[in-house]
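Enquirer: What follows is a single structure, and I will ask about it in a moment.
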Amino acid sequence: MRIDAAAYLGAWPFRAVEGGLRGLEAMLEEEGLTGALVSPLAGLFHTDPALANDRLLRSLRGRRSLWAVPASNARLADCHLEIERLSHRRQVRGVRLAPAFHGYPAAEAADALRTAARCGLAAVIQLRVQDARGQPPGLHVSDLPLGDALALAEAVPEARVVIAGAKLAELGELSRLQARPDLWLDISHLDGLDCLARACDAIGDERLLFATCWPFFYARAARLKVEEAELSPQARARLLGGNAVRAFGLPVEVVD
Amino acid sequence: MPATPSDLIIDIHAHPGYSQSLEGLRGECQALLRAAAHHRVDTICLNSLADWTESPDPDRVREGNDAVLALVAEHPDRLLGFCYVNPCYPQQALEEIDRGLAAGMVGIKLWVACKASDARVDPIARRAAELGVPILQHAWYKAQGQLANESTPADVAALAARYPETQIVMAHLTGAGERGLADIVPYGNISVDLSGSDPEAGLTELAVRTLGPRRVLFGTDAPIRSYGASLGKVYGARLSPRDRRLVLGENAARLLGRARR
C-alpha cells in the first residue's frame with residue numbers, strides 16, 4: 210500500500226505540466242504507488258473553486274484508488290455549504306485550504322475546519338506550492354507561515370489536519386504537534402540531507418505522509434527521498450501508506 | 027528509471043556542511059557520503075562557503091578551503107575540491123586559487139560576494155582559462171529581490187561573453203528558470219547545474235532542449251538539498267538514456283578533465 214497524499218489534476222497557469230488523468234495513472238504505476246489523494250490545481254487559483262472541484266470529481270469517477278481532496282476557499286460565505294455538499298460524494302476524503310492563494314489569514318479558516326470535521330473530512334492546510342523566489346511576475350503568493358497553520362489546527366482540536374508543503378527549516382516549530390492528535394505533515398516540500406530522518410525525530414514517523422506534489426514536481430524526487438532515508442520497515446510502511454489511511458479515513462479494503 | 031551500474035554520476039555542486047570546525051564537517055560529510063553512496067554517486071565536488079556570510083575575508087575563505095582539502099584527502103576516491111574565493115579581495119583570490127589548485131582542487135567556486143559581471147571577477151576568469159578549470163558561479167532570478175551582490179544569469183552571461191575560453195557552470199537551474207536559460211543560450215562556455223530549489227517538473231527537459239544535453243550537469247547543493255530529490259530531477263525527467271548519462275556525469279567528467287596540471 211503506497212499512497213500519494215498530494216497529487217493534482219489540471220494546469221499550472223505559468224508553465225506546462227503533465228496534469229491529466231492518464232498522466233497521473235502513469236505516474237502512479239511508474240512510481241509503484243497504489244493510490245492517490247488528488248486536488249484540482251485550478252482550485253488554488255479560482256476564487257470559487259466549485260467548478261474545478263466538480264471537474265475533478267468527474268475525472269476521478271470510477272477510479273477506486275483515487276480519492277478527491279477538493280479545494281475550499283474559506284473566505285466564501287457559503288464555504289461550509291460547499292464542504293457539506295462535497296462530503297456527500299463518496300470519493301471525497303478531505304478539503305484543501307490554501308489561505309495564501311485565496312488571500313485570507315489562516316485563522317479565518319477555523320469554521321471551515323469545524324465543518325470538515327463535522328462532515329468526517331480531513332482538512333489539508335497548504336503552506337506553499339512553488340518556491341516564492343522562483344514565482345513568475347504574474348504570481349505573488351507568499352508562503353503561509355507554519356505557525357499560522359499550527360495555530361489554526363490548535364483552534365479546532367476536533368479536526369483531522371494535514372499540513373502540506375512544510376520545509377525542513379520549519380521543523381523546529383513542529384514540536385508543538387506532539388500534544389496534538391490527528392495532525393500529519395506531508396513530505397512533498399521537505400528536502401535536505403537526512404530530511405526524513407530529521408522529520409521523524411521532530412514529530413514521529415506516524416505523522417508523515419508520502420506526497421509528490423505531482424505534476425508540479427517530479428514524482429520520482431519524493432520516491433528517492435524515501436529510498437534514501439534510513440527508516441525501519443515499519444516506519445517506511447507507515448510513511449508510504451498507513452498514515453494516509455488514518456489521516457484521510459481511507460477505506461482500507463480498497464487499498465491492497 | 028534507475029541508474030544502471032555503468033552510469034557515471036558526478037555531483038558538481040555540494041558543500042561539506044554548516045559546521046565551523048573540521049570535526050563537525052567530518053560528521054556532516056559522512057552523512058553526505060552515505061546518501062551519495064546509496065544512489066551510487068561516484069564523485070562529489072565539494073566547495074566551502076567559508077562561514078556562509080556573503081563576503082568572507084581571506085582568512086575565513088582559506089580556512090574553508092583547508093577543510094575541503096582535508097576532507098578530500100580523507101576520501102580521495104569520492105571527493106574533489108573546488109576552491110572558493112571572494113573576488114572582492116582580488117590579489118588574495120588569485121593566490122588562493124593557485125594554492126588550492128596546487129593542492130589538487132579541480133575548479134573555482136564563486137558565490138554572492140560580487141556579481142559575475144563585476145570587473146573584479148575578470149582576473150579570476152582569466153586564471154581559470156589558463157588553468158583549464160571551470161568556475162562554478164551561483165546565480166538566481168529571485169522574484170522577491172536579489173542579495174546585494176548576487177548574480178543573475180545575465181551577469182553570468184556578461185562574464186562568459188568577455189571570457190569565451192573560460193568554462194562556467196552556472197548553478198541553480200530552478201533559480202534561473204526559463205528567463206535565465208534564455209540569457210545563457212548564446213554562450214557555449216556556460217553550462218547549468220540542476221541544483222537549487224524544489225524538483226519542479228519539466229525544467230530538466232527544458233534545459234536540455236534549450237542548451238543541448240552537453241550543457242546540463244547534475245548537482246545537488248547538498249546538504250541544503252538531498253540526493254533523492256536532486257536525482258529525481260534527472261530520473262523523473264523524460265530524457266533519452268544518452269542524454270541522461272551526459273547530465274548525470276559525463277558532462278562533468280569532460281569539464282573536469284580539461285585541467286592543465
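Residue numbers (this note's numbering), protein chains in the order written: chain V, 210 to 465; chain G, 27 to 287.
Quick reminder that beta carbons are idealized off the backbone N, C-alpha and C, glycines included.
Mark G/Gly271 as exposed unless 16 or more other C-beta atoms lie within 10 angstroms of its C-beta, in which case mark it buried.
Expert: The amino acid at residue 271 of chain G is misidentified as Gly; the sequence shows Arg. That one is buried.
Enquirer: Less than 7 Å between C-beta atoms, sequence neighbours within five positions excluded: which residues of the same chain meet that for V/Arg407?
Expert: Here the set comprises Leu377 and Leu380.
Enquirer: What does a CB cutoff of less than 8 Å around G/Gly258 pick up in its chain, not counting 5 residues either side in sequence?
Expert: The answer, listed in chain order, is Pro225.
Enquirer: Going by other Cβ atoms of all chains shown within 10 Å of its Cβ, with 16 needed for buried, is G/Gly53 buried or exposed?
Expert: Answer is exposed; the Cβ neighbour count stays below 16.
Enquirer: So, is the C-beta of G/Arg287 closer than 8 Å to a C-beta in chain V?
Expert: The predicted model places G/Arg287 with a pLDDT of 44, which falls under 50 and marks its position as unreliable, so this point remains unresolved.
Enquirer: Could you round the C-beta distance between V/Ala411 and V/Leu353 to whole angstroms and report it? I think they count as a contact, below 8 Å.
Expert: Not quite, the Cβ-Cβ distance comes to about 19 Å (not below 8 Å), so this is no contact.
Enquirer: Just reading off the beta strand (DSSP E) that V/Asp395 is part of, what are its end residues?
Expert: Run containing V/Asp395: Leu392 to Asp395, per the beta strand (DSSP E) assignment.
Enquirer: For V/Val463 and chain G, any beta-carbon pair shorter than 8 Å?
Expert: Bear in mind that the predicted position of V/Val463 carries a pLDDT of just 44, short of 50, making it too unreliable to give a figure here.
Enquirer: Could you tell me the distance, in whole angstroms, from the CA atom of V/Val463 to the CA atom of V/His398?
Expert: At V/Val463 the pLDDT is 44, less than 50, meaning the model places this residue with poor confidence; the figure from the coordinates comes in the next sentence. For V/Val463 and V/His398, the distance between alpha carbons rounds to 28 Å.
Enquirer: Using a Cβ-Cβ cutoff of less than 7 Å, which residues in the same chain neighbour G/Val67 once the five nearest sequence positions on both sides are dropped?
Expert: If we look at G/Val67 and ignore the five residues flanking it on each side, its Cβ neighbours are Ile35, Asp37 and Tyr253.
Enquirer: Look up V/Leu457 in the DSSP assignment and say whether it is helix, strand or coil.
Expert: According to the sequence as given, residue 457 of chain V is Phe; it is not Leu. Correct three-state label for V/Phe457: helix.
Enquirer: Mark V/Gln387 as exposed unless 16 or more other C-beta atoms lie within 10 angstroms of its C-beta, in which case mark it buried.
Expert: When all chains shown are included, V/Gln387 counts as exposed.
Enquirer: What does V/Asp414 touch in chain G if you count any residue whose Cβ is under 9 Å from its own?
Expert: Per Cβ cutoff of 9 Å: no residues; V/Asp414 is ~17 Å from chain G at best.
Enquirer: Thinking G/His41 and G/Ser81 are a contact (beta carbons under 8 Å), I'd like their distance in whole angstroms, please.
Expert: With a Cβ gap of about 17 Å, G/His41 and G/Ser81 do not count as contacting.
Enquirer: Expressed to the nearest angstrom, what Euclidean distance is found between the alpha-carbon atoms of V/Thr243 and V/His349?
Expert: Approximately 35 Å between the Cα atoms of the pair.
Enquirer: So, using beta-carbon positions, are G/Ala202 and V/Gln344 closer together than 8 Å?
Expert: No, the Cβ-Cβ distance between G/Ala202 and V/Gln344 is not below 8 Å.
Enquirer: Is it buried or exposed for V/Gln300, if we count other Cβ within 10 angstroms and need 16 for buried?
Expert: Its Cβ being crowded by 16 or more others within 10 Å, V/Gln300 is buried.
Enquirer: Which whole-angstrom value is the C-beta distance of G/Thr192 and G/Ala151, which I expect to be below 8 Å?
Expert: Going by Cβ atoms, the distance from G/Thr192 to G/Ala151 rounds to 5 Å, so yes, they are a contact pair.
Enquirer: Going along chain G, which residues have a C-beta under 8 Å from V/Val247?
Expert: Here the premise fails: no neighbours, minimum Cβ distance about 16 Å.
Enquirer: Which residues in chain G sit within 7 Å of V/Pro424, going by Cβ to Cβ distance?
Expert: Result: Ala227.
Enquirer: Using 8 Å for Cβ pairs, my map puts V/Leu394 next to V/Ala364. What's the rounded Cβ distance?
Expert: The pair is not a contact, with the Cβ atoms about 18 Å apart (cut-off 8 Å).
Enquirer: Apply the 10 Å Cβ neighbour rule to G/Ser269 and answer buried if 16 or more other Cβ atoms are within range, or exposed otherwise.
Expert: Per the sequence shown, residue 269 of chain G should be read as Asp rather than Ser. G/Asp269 comes out buried.
Enquirer: Which term fits G/Val218, buried or exposed, when burial requires 16 or more other beta carbons within 10 angstroms of its beta carbon?
Expert: Under this definition G/Val218 is a buried residue.
Enquirer: Three or more beta-carbon pairs under 8 Å between the region 126-138 of chain G and the region 154-161 of chain G, yes or no?
Expert: The region 126-138 of chain G, when compared against the region 154-161 of chain G, does touch it at the 8 Å Cβ threshold.
Enquirer: At the 8 Å Cβ level, is V/Glu232 part of the contact set with chain G, yes or no?
Expert: The sequence shown places Gly at residue 232 of chain V, not Glu. False, the Cβ-Cβ gap to chain G never drops below 8 Å.
Enquirer: According to the Cβ coordinates, are G/Pro102 and G/Val147 closer than 8 Å?
Expert: No; because the gap between Cβ atoms is not below 8 Å, this pair is not in contact.
Enquirer: Hey, V/Leu418 and V/Leu440 are a contact pair by Cβ (cut 8 Å); roughly how many whole angstroms apart?
Expert: Contact flag wrong, Cβ pair sits at about 14 Å.
Enquirer: Where does the unbroken beta strand (DSSP E) through V/Gln335 begin, and where does it stop?
Expert: Note, V/Gln335: beta strand (DSSP E), Ala331 to Gln335.
Enquirer: In angstroms with no decimal places, state the Cα-to-Cα distance between V/Glu436 and G/Leu120.
Expert: About 42 Å.
Enquirer: Taking 8 Å as the threshold, find out whether the region 275-286 of chain V comes into contact with the region 309-328 of chain V through three or more Cβ pairs.
Expert: In short, these stretches touch, since the Cβ pair count reaches three.
Enquirer: For the region 347-430 of chain V, which segments carrying the beta strand (DSSP E) assignment without a break, of at least 3 residues, lie completely within its bounds, in sequence order?
Expert: 369-373 and 392-395, all fully within the region 347-430 of chain V.
Enquirer: Is there a C-beta anywhere in chain V that falls below 8 Å from the one on G/Trp137?
Expert: Chain V, which has no Cβ nearer than 8 Å to the Cβ of G/Trp137, makes this no.
Enquirer: Would you please state the rounded distance, in angstroms, between the beta carbons of V/Leu392 and V/Arg416? I believe it to be under 8 Å.
Expert: Indeed, because the Cβ distance is near 7 Å, the residues count as touching under 8 Å.
Enquirer: Excluding the 5 residues flanking G/Lys141 on each side, which residues of the same chain have their C-beta closer than 6 Å to its C-beta?
Expert: Contacts found: Asn175, Ser177 and Asp181.
Enquirer: Mind checking V/Asp467: buried by the 16 CB within 10 Å criterion, or exposed?
Expert: Here chain V has residues from 210 to 465 only, and residue 467 of chain V is not among them.
Enquirer: Under the rule that 16 or more other beta-carbon atoms within 10 Å means buried, what is G/Leu106, buried or exposed?
Expert: It is buried - the Cβ of G/Leu106 has at least 16 other Cβ atoms within 10 Å.
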